[in-house]
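In my numbering, the protein residues as written are 5 to 58. By construction, the Cβ of each residue, glycine as well, lies at the ideal position given by its N, Cα and C atoms. Every value quoted in this text rests on a predicted model; they were computed, and no experiment measured them. A short worksheet on the structure shown next.
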Amino acid sequence: SRGQYETYLAQLDEAEQDDILAHGPFPLELVCLNCNTHYHFSEDALKTLFERGE
5 SRGQYETYLA QLDEAEQDDI LAHGPFPLEL VCLNCNTHYH FSEDALKTLF
55 ERGE
């Protein structure tokens, strides 16, 4: 689910988060290999997610 991907992204180390924000691409697209659902995360959504650190 989208929530699981948000948790995964928030748990990345700070260097990886900084790299994502510095280089994109935006929206960041993650694809579930089980159901082929595409999840998109805007730059602003990622900044908010990384600030919360959930």
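- Taking all protein chains shown into account, L37 has fewer than 16 neighbouring C-beta atoms within 10 Å of its C-beta and is therefore exposed.
- Contact between F30 and E47 holds: CB atoms are separated by about 4 angstroms, below the 8 angstroms threshold.
- Rounded to the nearest angstrom, the Cβ distance from L50 to L34 is 11 angstroms, too far for a contact under 8 angstroms.
- The beta carbon of Y9 lies closer than 7 angstroms to those of L34, Y43 in the same chain, with the five residues before and after it left out.
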